[in-house]
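Working notes for the structure below.
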Amino acid sequence: MTELAETYGDVIPFGYDLDEDHEMIRDSIREFAREVVAPGAMDRDAKGEFPAEIIRQLGEMGYQSICVPEEYGGPGLDALASAIIVEELSYADASVGVINSVQNSLCIDPIMKYGTDEQKKRWLPPMTTGDCLNCFSLTEADAGSDAGSMKCRASLEGDEWVITGTKLFVTTGAESDLIVLFVRTEDGDKRNASCLIVPKKTPGVEVGKHEEKLGIRGSSTTELVFDNARVPADHLLGERGNGLRIAMMAIGGGRIGIAAQALGIAQASRDKAIAYALERKQFGKTLSQFQAIQWMIADMATRIEASRALVYKACWAKDQKKHSLHVPAMAKVYAAETATFCADRAIQIFGGMGYCRESEVERYLRDAKITEIYEGTSEMQRQTIGATLAREPERIAAV
Numbered sequence: 052m053t054e055l056a057e058t059y060g061d062v063i064p065f066g067y068d069l070d071e072d073h074e075m076i077r078d079s080i081r082e083f084a085r086e087v088v089a090p091g092a093m094d095r096d097a098k099g100e101f102p103a104e105i106i107r108q109l110g111e112m113g114y115q116s117i118c119v120p121e122e123y124g125g126p127g128l129d130a131l132a133s134a135i136i137v138e139e140l141s142y143a144d145a146s147v148g149v150i151n152s153v154q155n156s157l158c159i160d161p162i163m164k165y166g167t168d169e170q171k172k173r174w175l176p177p178m179t180t181g182d183c184l185n186c187f188s189l190t191e192a193d194a195g196s197d198a199g200s201m202k203c204r205a206s207l208e209g210d211e212w213v214i215t216g217t218k219l220f221v222t223t224g225a226e227s228d229l230i231v232l233f234v235r236t237e238d239g240d241k242r243n244a245s246c247l248i249v250p251k252k253t254p255g256v257e258v259g260k261h262e263e264k265l266g267i268r269g270s271s272t273t274e275l276v277f278d279n280a281r282v283p284a285d286h287l288l289g290e291r292g293n294g295l296r297i298a299m300m301a302i303g304g305g306r307i308g309i310a311a312q313a314l315g316i317a318q319a320s321r322d323k324a325i326a327y328a329l330e331r332k333q334f335g336k337t338l339s340q341f342q343a344i345q346w347m348i349a350d351m352a353t354r355i356e357a358s359r360a361l362v363y364k365a366c367w368a369k370d371q372k373k374h375s376l377h378v379p380a381m382a383k384v385y386a387a388e389t390a391t392f393c394a395d396r397a398i399q400i401f402g403g404m405g406y407c408r409e410s411e412v413e414r415y416l417r418d419a420k421i422t423e424i425y426e427g428t429s430e431m432q433r434q435t436i437g438a439t440l441a442r443e444p445e446r447i448a449a450v
């Protein structure tokens, strides 16, 4: 092994001693990701093709419901296990990683926390067998970062909610079976909204525009249109008027998932760059022997390890039920910007080949950019961190 490879290690993250259970999960999902997910990633990206068979297999293996308790048929594992799975999947294909993240954090988490016993018994078991894929629907044309400005409405008529409006940027909106939907149910204060569980086959629910995206092209992003769609009154999740609280809880977990996705992209970028630098020769030397290249790799490796520390801390806080907005925000903003940085540096190391589709690293850059935008932009993460610590400065050491 060369000096550079010895310095920066192999593809196994270093510096963390996972317990036996988490090591088994990591090794198992890594094998699946490298052998099943990775081989078709470039083709799916080029075609904009949803990885339906891979998602089916992940569902059957329990990875699409990793935190669902055993009493409902799930593995009953923790946030760290979920993050490891997203990271390893995203190392192979970030589109698969985000589909997994949305299912576990944005959709299953709120049902587990706010659902009634009857709701959990009805909706969670199909998710543990791969028979139910979910989507999370909050964003609208005039309600992005300012989610409270949503206009999609639901009115209670007798024992049914009647839903009208349009949602945007719904991940897996076309393929999902169940929608975790946020709607205006109250007049007056714009913060008053509610959460409904809506089966996708409900009459009046239609998939609208399919977005053509720069990256994560294997994951569909669509509009959802609701035209007097009706669901029973008992499809209300949590209390009426408490929707934004539910959404923010879910997004907090979602930010950890996107941070893990970004971590996987960053790690893949670094590993590809090292492999290329060890093989490519110029002026009679491998690229790895040039200090300029070594420093790029050093910066990549350092940022990745710092990102992993933040992601794992955010997982720990969630598993310990330590309420925190700023720690997931820290993990997401740093990991996301690390992913973009590492993908950009990888392209630079590859040179002209890095700018070509066949190199794969250009896909990493296209996939990385969205991690700075969805689940809250980097600007909104900094706003959350700054506002939290300005209001409660002691929180910086509390979690």
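In this note's numbering, the protein residues as written are 52 to 450. Backbone N, C-alpha and C define an ideal beta-carbon position, used for all residues, glycine too. All figures in this text were calculated on a predicted structure; none of them were measured in a lab.
Inter-residue Cα distance where the pair is Q123 and G255: Taking the first residue of the sequence shown as 1, we reach residue 123 at position 72. Taking the first residue of the sequence shown as 1, we reach residue 255 at position 204. According to the sequence as given, residue 123 is Tyr; it is not Gln. Each residue's Cα considered, the two are about 30 angstroms apart.
Beta-bridge partners of N185, as assigned by DSSP: The residue you call residue 185 lines up with position 134 of the sequence shown. Beta-bridge annotation (DSSP): N185 is paired with L229.
Contact test: I436 Cβ vs the ligand FMN heavy atom, cutoff 6 angstroms: For the structure depicted, the ligand FMN is absent and the ligand set is empty, with no information on it obtainable.
Distance, Cα to Cα, M93 vs E237? Here residue 93 is taken as the residue at index 42 of the sequence shown, counted from 1. Here residue 237 is taken as the residue at index 186 of the sequence shown, counted from 1. Straight-line Cα distance between these residues: approximately 46 angstroms.
Residues bridged to H261 (per DSSP): In the sequence shown, the residue the question calls residue 261 occupies position 210. Answer by DSSP bridge pairing, in chain order: T273.
Excluding five sequence neighbours on each side, which residues of the same chain lie with their C-beta closer than 8 angstroms to the C-beta of C183? In the sequence shown, counting from the first residue as 1, residue 183 sits at position 132. If we look at C183 and ignore the five residues flanking it on each side, its Cβ neighbours are W174, P177, D228 and L229.
Where does H34 land, buried or exposed, given buried means 16+ other C-beta within 10 angstroms? Nothing in the structure corresponds to residue 34, since the chain is present only between 52 and 450.
I'd like to check one pair, K264 with T253: are the Cβ atoms closer than 7 angstroms? The residue you call residue 253 lines up with position 202 of the sequence shown. The residue you call residue 264 lines up with position 213 of the sequence shown. No, they are not a contact pair.
Proximity winner among M347, C118, P161 and R95, relative to E411 (alpha-carbon distances): On the sequence shown, residue 411 is found 360 positions in, with the first residue counted as 1. Answer by Cα proximity: R95.
Reference R484; option with closest CA among L157, R85, E71 and F220: Past the edges of the chain, shown from 52 to 450, lies residue 484, and the structure says nothing about it.
Rounded to whole angstroms, what is the Cα-Cα separation between Q345 and A386? Position 294 of the sequence shown, counted from the first residue, corresponds to residue 345. Position 335 of the sequence shown, counted from the first residue, corresponds to residue 386. Distance from the CA of Q345 to the CA of A386, rounded to the nearest whole angstrom, comes to 21 angstroms.
On the three-state DSSP scale, how would you describe H88? Start at 1 with the first residue of the sequence shown, and residue 88 comes out as number 37. The amino acid at residue 88 is misidentified as His; the sequence shows Val. If DSSP states are grouped into helix, strand and coil, V88 belongs with the helices.
Neighbourhood of E121 by C-beta distance below 7 angstroms, restricted to the same chain and skipping five residues each side: Counting from 1 along the sequence shown, the entry for residue 121 is found at position 70. Excluding its 5 nearest sequence neighbours in each direction, E121 has C-beta neighbours in its own chain below 7 angstroms: G127, listed in chain order.
On the three-state DSSP scale, how would you describe D160? Numbered from 1 along the sequence shown, position 109 holds the residue referred to as residue 160. Three-state result, D160: helix.
Anticipated Cβ contact below 8 angstroms, H286 with W212, distance rounded: Taking the first residue of the sequence shown as 1, we reach residue 286 at position 235. Taking the first residue of the sequence shown as 1, we reach residue 212 at position 161. Yes, H286 and W212 are in contact; Cβ-Cβ is about 7 angstroms, under 8 angstroms.
Report the three-state DSSP secondary structure of E191 (helix, strand or coil). Within the sequence shown, residue 191 is the residue found at index 140, counting from 1. Judged by DSSP in its simplified three-state form, E191 adopts strand.
Per DSSP, cross-strand counterpart(s) of V234: Position 183 of the sequence shown holds residue 234. V234 is bridged by DSSP to S245.
Minimum C-alpha distance to D193 - residue among L207, D210 and G216: As a first step, residue 193 must be located in the sequence shown, where it is residue number 142. Measuring from the Cα of D193, the nearest candidate turns out to be G216.
Give the secondary structure of N293 by DSSP, where H, G and I count as helix, E and B as strand, and everything else as coil. By 1-based counting over the sequence shown, the position of residue 293 is 242. If DSSP states are grouped into helix, strand and coil, N293 belongs with coil.
Can you tell me whether R442 is buried or exposed? The criterion is at least 16 other CB atoms within 10 Å of its CB, across all chains shown. On the sequence shown, position 391 is the one that residue 442 refers to. An exposed status is given to R442, since fewer than 16 other beta-carbon atoms sit within 10 Å of its beta-carbon.
Quick one: give me the first and last residue of the alpha helix (DSSP H) that E356 is part of. On the sequence shown, position 305 is the one that residue 356 refers to. Taken as a continuous stretch (DSSP letters only), the alpha helix (DSSP H) holding E356 covers Q342 to D370.
Can you give me the C-alpha to C-alpha distance between A397 and P102, rounded to a whole angstrom? Looking up residue 397 in the sequence shown gives position 346. Looking up residue 102 in the sequence shown gives position 51. Approximately 26 angstroms between the Cα atoms of the pair.
If you draw a straight line from the C-alpha of E111 to the C-alpha of I117, how long is it? One-based indexing of the sequence shown puts residue 111 at position 60. One-based indexing of the sequence shown puts residue 117 at position 66. Roughly 11 angstroms separates the two Cα atoms.
Which residue comes first and which comes last in the alpha helix (DSSP H) that contains G216? One-based indexing of the sequence shown puts residue 216 at position 165. First-last for G216: E211 to T222, but that is the beta strand (DSSP E), not the alpha helix (DSSP H).
Reducing DSSP to helix, strand and coil, say where D129 ends up. Stepping through the sequence shown from its first residue, residue 129 is reached at position 78. Of the three classes helix, strand and coil, the one that applies to D129 here is coil, per DSSP.
Distance, Cα to Cα, D70 vs Q432? Within the sequence shown, residue 70 is the residue found at index 19, counting from 1. Within the sequence shown, residue 432 is the residue found at index 381, counting from 1. Rounded to the nearest whole angstrom, the CA to CA distance from D70 to Q432 is 31 angstroms.
Need the endpoints of the beta strand (DSSP E) that S206 sits in, please. The residue given as residue 206 occupies position 155 in the sequence shown. Taken as a continuous stretch (DSSP letters only), the beta strand (DSSP E) holding S206 covers R204 to E208.
Cβ separation of Y425 and A394, assumed to be a contact under 8 angstroms, to the nearest whole Å: For the purposes of this step, residue 425 is taken as the residue at position 374 of the sequence shown. For the purposes of this step, residue 394 is taken as the residue at position 343 of the sequence shown. Not confirmed; about 17 angstroms, so no contact.
Suppose the cutoff is 8 angstroms on Cβ atoms and the five residues either side in sequence are ignored; what does the same chain contact list for I162 look like? Within the sequence shown, residue 162 is the residue found at index 111, counting from 1. Closer than 8 angstroms at the Cβ level, and outside the excluded window around I162, lie Q170, K171, W174, L175, V231, I248 and L288.
When we look at the beta-carbon of Q371 and count the other beta-carbons within 10 Å, is it buried (16 or more) or exposed? Taking the sequence shown and counting its residues from 1, the one referred to as residue 371 is at position 320. So Q371 counts as exposed.
Along the chain, where does the alpha helix (DSSP H) containing G110 start, and where does it finish? Reading the sequence shown from its first residue, position 59 is the one you call residue 110. It spans A103 to M112 - the alpha helix (DSSP H) in which G110 sits, taken as one unbroken run.
By the three-class DSSP mapping on this structure, what secondary structure does T337 have? The sequence position of residue 337 within the sequence shown is 286, counting from 1. T337: strand per DSSP, three-state reduction.
Integer-rounded CB distance, given that A310 should sit under 8 angstroms from Y142: Looking up residue 142 in the sequence shown gives position 91. Looking up residue 310 in the sequence shown gives position 259. That belief does not hold up - the Cβ atoms of Y142 and A310 are roughly 14 angstroms apart, past 8 angstroms.
Do you know offhand how far V87's Cα is from N243's? As a first step, residue 87 must be located in the sequence shown, where it is residue number 36. As a first step, residue 243 must be located in the sequence shown, where it is residue number 192. C-alpha separation (whole angstroms): 44 angstroms.
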